[in-house]
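J.: My structure is below; once you've seen it, I'll send some questions.
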Amino acid sequence: LGRRFSLTLTMVALLNLVVVAACFFIYSSIRIEKDLQAQLEQTVTFARISLPTAIWQLNDRAMDDVLNAIMINNAVVSVRILAEGEVVASKTAEAFRDTPFTSFADSKQFLVRSVEVFSEGEKAGEFQVAFSRQAIRQGLLTPLIAFVVLAFFLFAAILVTSLFITRKYVFVPLGRLELSARRIAEGDLDTEIDTGGRDEIARLAMTFDAMAHQLKISFDTLEQKVNERTADLIDAKIETERINQDLREAGARLQALLDNYPVGILFVDHDRRIMQVNAEMSRISGYSRDEMIGGTTRKFYATQEDFETHGRRNYPILHQTGALEVRNNLLRKDGVSIPCNWRARVIETAAGIEGVVWSVEDISRRIQMEEDLLKVKKLESVAVLAGGIAHDFNNILVAVVGNISLAERLVENQPQVRELLERAEKASLRARELVVKLLTFASGGEPARKGATPLAELLRETVPFVLSGSNVRYHLDLVEPLWPLMMERGQADQVFQNLILNADQSMPEGGVVTVSCANLAIAPGEIAGLPEGKYVRVVVEDTGMGIDGDHIDRIFDPYFSTKEKDSTKGSGLGLSIVHSIVTRHNGRIEVQSRP
């Protein structure tokens, strides 16, 4: 009986041990799965709290900190963050470094979870994590074996008390541990795990307690760092925006100052590439700001050789002295070359010479005014001389003509002598006409009084009269009503008679004279040498041979003529008188010719 009892008791104990072991194994497996799910939920919750700002700002450092905190759990084999479908951060355990993330979802050995992360109601990205079931099982294998061995010895030693001991020292502590773990999984990281003993379960509880405490510290530290980094980023963003606004305002003020400058401004680098220009430079060159910025100053030179010569000659001096002033022509966009004064100063910083700022002054108007002033002074000098000579010559002619008239009366019966005297009288009268022209030129056509002369009426009378008997045709292009000329009628008639006569004499084979007139209101500074006011623009155009470029600057000089020497067509004073009368009446006359 004893053997049977012992055998029965042993069989019962073994059966109970097997049953208890099986039950414990099943319970442990379920508990492991729950713990794994709890850890997964805890990790997902942590990611939802910690990642929105980091993903939204694509803060690599913040995302790495969060992923490193999650990878502390040995059950986590891989974790990654996606933004707009692209992986922006990831971590994988060393043992699974070469395993694609999609392989974890296809295996029952892993638990995979993917959640969307939202920031202020908007999707910032996606968080994916993979847990290893095997890692959890291996972590709890040792306590399971210890329990089975302990249960075996307890059943072998005392079968009756084994259930009580098992309940008191195993299941009750595990229940407390499970309850505390559930609270931790719900986010209560301040939960204290107390199993009421000092055995393995108690130590496991202490380990869980320490892990929860450390996880809370990590979460708090990470949250603090995230808040600090977020605050730093906000401050940096505000400061950057303020600096950018200051730079934009300073740039706008500088550009306004440059655009208000009366000369062209160019900022160029070491390669003579244009970095910045002002509005006056666009007006001078004819190029827009966009056409100039980014290109070189080569466009301002007629040839590549001129561009290179200017650089070789001036830039070494500029780098040596820091400043330079030269006079050089600038080629406009329309192909016209204009004279300019170029002043340069180097842009020097602590790093050395960064470039050069050029100021470009269009001096074509000034040169034209200087030439006009020189011409006026020359004409005034000639006029003074001509006036003196004309007065003296006129006195002499009075005596000559008077004596010739007396002589004609004395030789009425001598036809040959009388014929000679008549020729002398005609020559004297022609000389007298010349004296009148000289006196007109000397006085500049300044009338005793000014009146309002209707220009259209004057031209309709003068042009046909001058061209009567000529083979030259005429055409009048009058944009009426024309403003009246503030000029004495006789002076105005003399101006247009000389102009039409000059055109007629330039076309001995015939041609066409075109006279165009239109009103012109001139703004201040619009045309050099002319004050603002109301003007009438008159263009007299002929189809003659034109004037050579070497002679065109002398066309208004007294006694200058392109006609043959000893020609009876004129004395060379016609255009000089026109110029004198026009300038004395605050006008301006110009000539253009294509030989």
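So the number in our numbering is just where the residue sits in the sequence shown, counting from 1, plus 8. No residue lacks a Cβ here, since even glycine has one placed at the ideal position from N, Cα and C. Here the structure is a predicted model, which is why all the values come from computation and not from measurement.
Report yes if the C-beta distance between Val271 and Glu378 is below 7 Å; otherwise report no.
T.: Numbered from 1 along the sequence shown, position 263 holds the residue referred to as residue 271. Numbered from 1 along the sequence shown, position 370 holds the residue referred to as residue 378. The answer is no: Cβ separation not under 7 Å.
J.: Going by beta carbon distance, what residues of the same chain come within less than 7 Å of Leu538, once the five residues before and after it are set aside?
T.: Here residue 538 refers to the residue found at position 530 of the sequence shown. So the qualifying residues of the chain are Ile530, Arg596.
J.: Determine the DSSP secondary structure at Phe564, reduced to helix, strand or coil.
T.: Residue 564 sits at position 556 when you count from the first residue of the sequence shown. Three-state DSSP puts Phe564 in coil, outside helix and strand.
J.: CA-CA distance, Phe161 and Val26?
T.: Residue mapping note: residue 161 aligns to position 153 of the sequence shown, counting from 1. Residue mapping note: residue 26 aligns to position 18 of the sequence shown, counting from 1. Near 13 Å, if we compare the C-alpha coordinates of Val26 and Phe161.
J.: Taking just the CA atoms, how far does Leu22 sit from Arg11?
T.: Residue 11 sits at position 3 when you count from the first residue of the sequence shown. Residue 22 sits at position 14 when you count from the first residue of the sequence shown. Its pLDDT being 41, under 50, Arg11 is placed unreliably by the model, and the measurement read from it follows with that caveat. Approximately 15 Å, taken between the alpha carbons.
J.: Would you grab the beta carbon distance between Gly294 and Asp342 for me? Rounded to a whole angstrom, and I think it's under 8 Å.
T.: Mapped onto the sequence shown, residue 294 falls at position 286. Mapped onto the sequence shown, residue 342 falls at position 334. Sure, about 6 Å apart at Cβ, within 8 Å.
J.: By the DSSP assignment, the alpha helix (DSSP H) with Ser588 in it spans what residues?
T.: The sequence position of residue 588 within the sequence shown is 580, counting from 1. That run of the alpha helix (DSSP H) goes 582-592.
J.: Report yes or no: do the region 475-483 and the region 517-525 share at least 3 C-beta pairs separated by less than 8 Å?
T.: Yes: the two stretches touch, three or more of their Cβ pairs being nearer than 8 Å.
J.: Per DSSP, what are the beta-bridge partners of Tyr543 in this structure?
T.: For the purposes of this step, residue 543 is identified with residue 535 of the sequence shown, where counting begins at 1. Looking at the DSSP assignment, Tyr543 forms a beta bridge with Leu528.
J.: Less than 8 Å between the CB atoms is what I'm expecting for Ala46 and Ala193, so what's the real figure, rounded?
T.: To locate residue 46, count along the sequence shown from 1; it is residue 38. To locate residue 193, count along the sequence shown from 1; it is residue 185. Indeed they touch by this definition, with Cβ atoms about 4 Å apart.
J.: Quick one, which of Val156, Val95, Ala62 has its alpha-carbon nearest Ala30's?
T.: For this step, residue 30 is matched to residue 22 along the sequence shown. Ranking the options by Cα distance to Ala30, first place goes to Val156.
J.: Would you give the residue range spanned by the beta strand (DSSP E) that Ser127 belongs to?
T.: On the sequence shown, position 119 is the one that residue 127 refers to. Residues 118-127.
J.: For a quick check, are the C-beta atoms of Ile325 and Asn349 less than 7 Å apart?
T.: Position 317 of the sequence shown, counted from the first residue, corresponds to residue 325. Position 341 of the sequence shown, counted from the first residue, corresponds to residue 349. Taking 7 Å as the Cβ cut-off, Ile325 and Asn349 do not qualify as a contacting pair.
J.: Measuring only the C-alpha atoms, how far is His587 from Val547?
T.: Along the sequence shown, read from residue 1 onward, the residue named residue 587 stands at position 579. Along the sequence shown, read from residue 1 onward, the residue named residue 547 stands at position 539. Taking the straight line joining both Cα atoms gives about 14 Å.
J.: Could you pull out every residue in the same chain whose Cβ sits closer than 6 Å to the Cβ of Glu124, ignoring the five residues on either side in sequence?
T.: Numbered from 1 along the sequence shown, position 116 holds the residue referred to as residue 124. Lys131, Glu134.
J.: Counting C-beta neighbours from all protein chains within 10 Å, is the total for Ile412 16 or more, i.e. buried, or is it exposed?
T.: Working through the sequence shown from its first residue, we reach residue 412 at position 404. Buried, by the Cβ-count rule.
J.: Looking only at its own chain, which residues have a Cβ that is under 7 Å from the Cβ of Thr461, when we skip the five neighbours before and after it?
T.: Stepping through the sequence shown from its first residue, residue 461 is reached at position 453. Around Thr461: Pro492, Leu493, Met495, Arg497, Ala500.
J.: Look at the alpha carbon of Glu540 and the alpha carbon of His593, and state the distance between them as a whole number of angstroms.
T.: The residue given as residue 540 occupies position 532 in the sequence shown. The residue given as residue 593 occupies position 585 in the sequence shown. Their Cα atoms are separated by approximately 14 Å.
J.: Considering only residues of the same chain and omitting the five flanking positions on each side of Glu316, which have a CB-CB separation below 8 Å?
T.: As a working note, residue 316 is residue 308 in the sequence shown. Answer for Glu316: no residue qualifies.
J.: Give a yes or no on whether the C-beta atoms belonging to Val365 and Phe275 are separated by under 7 Å.
T.: The count along the sequence shown starts at 1 and reaches residue 365 at position 357. The count along the sequence shown starts at 1 and reaches residue 275 at position 267. Yes, they are a contact pair.
J.: Looking only at its own chain, which residues have a Cβ that is under 6 Å from the Cβ of Thr100, when we skip the five neighbours before and after it?
T.: As a position in the sequence shown, residue 100 is number 92, starting the count at 1. Ser86, listed in sequence order.
J.: As a quick exercise: from Val120, Thr357, Met71, pick the residue whose alpha carbon is nearest that of Val84.
T.: In the sequence shown, counting from the first residue as 1, residue 84 sits at position 76. Out of Val120, Thr357, Met71, Val120 has the C-alpha closest to the C-alpha of Val84.
J.: Since Ala138 is in the beta strand (DSSP E), which residue starts that stretch and which ends it?
T.: On the sequence shown, position 130 is the one that residue 138 refers to. Counting along the chain, the beta strand (DSSP E) containing Ala138 begins and ends at 130-140.
J.: Using the Cβ count rule (16 or more neighbours within 10 Å means buried), how would you classify Arg602?
T.: Looking up residue 602 in the sequence shown gives position 594. With fewer than 16 Cβ atoms within 10 Å of its Cβ, Arg602 is classed as exposed.
J.: Along the alpha helix (DSSP H) that carries His483, what are the first and last residues, could you check?
T.: For the purposes of this step, residue 483 is taken as residue 475 along the sequence shown, with counting starting at 1. Looking at the DSSP string, His483 is not in any alpha helix (DSSP H); the run it does join, the beta strand (DSSP E), is 480-486.
J.: Taking all protein chains shown into account, decide if Asp561 is buried (16 or more other Cβ within 10 angstroms of its Cβ) or exposed.
T.: Residue 561 sits at position 553 when you count from the first residue of the sequence shown. Classification of Asp561: exposed, given that the 10 Å Cβ count is below 16.
J.: Taking just the CA atoms, how far does Glu249 sit from Phe139?
T.: Counting from 1 along the sequence shown, the entry for residue 139 is found at position 131. Counting from 1 along the sequence shown, the entry for residue 249 is found at position 241. The straight-line gap from Cα to Cα measures roughly 44 Å.
J.: For Arg105, verify whether its CB is less than 6 Å away from any heavy atom of the ligand NAD.
T.: No copy of the ligand NAD appears in this structure; indeed no ligand is present at all.
J.: Using three-state DSSP, classify Arg12 as helix, strand or coil.
T.: Here residue 12 is taken as the residue at index 4 of the sequence shown, counted from 1. Residue placement at Arg12 cannot be trusted, given a pLDDT of 45 that sits under 50; what the coordinates show is reported in the next sentence. Here Arg12 sits in helix by DSSP.
J.: Could you compute how far the alpha carbon of Arg256 sits from the alpha carbon of Ile292?
T.: By 1-based counting over the sequence shown, the position of residue 256 is 248. By 1-based counting over the sequence shown, the position of residue 292 is 284. Whole-angstrom Cα-Cα distance: 27 Å.
J.: So, helix, strand or coil for Trp350, using DSSP?
T.: Reading the sequence shown from its first residue, position 342 is the one you call residue 350. Strand at Trp350.
J.: Does the beta-carbon of Asn510 have 16 or more other beta-carbons within 10 angstroms, so that it is buried, or is it exposed?
T.: Locating residue 510 in the sequence shown gives position 502, counting from the first residue. Asn510 is buried by the Cβ-count criterion.
J.: Are the CB atoms of Leu338 and Ala605 within a distance shorter than 7 Å?
T.: In this structure the chain extends from 9 to 603, so residue 605 is not present and cannot be described.
J.: Considering Val334, what are the terminal residues of the beta strand (DSSP E) in which it resides?
T.: Numbered from its first residue, the sequence shown carries residue 334 at position 326. Run containing Val334: 331-339, per the beta strand (DSSP E) assignment.
J.: Can you grab the Cα-Cα spacing for the pair Leu332 / Gly363, in whole Å?
T.: For the purposes of this step, residue 332 is taken as the residue at position 324 of the sequence shown. For the purposes of this step, residue 363 is taken as the residue at position 355 of the sequence shown. Rounded to the nearest angstrom, the two C-alpha atoms are 14 Å apart.
J.: Determine the direct distance from the alpha carbon of Val234 to that of Ile246, and round the result to whole angstroms.
T.: Locating residue 246 in the sequence shown gives position 238, where the first residue counts as 1. Locating residue 234 in the sequence shown gives position 226, where the first residue counts as 1. Computed Cα separation, rounded: 18 Å.
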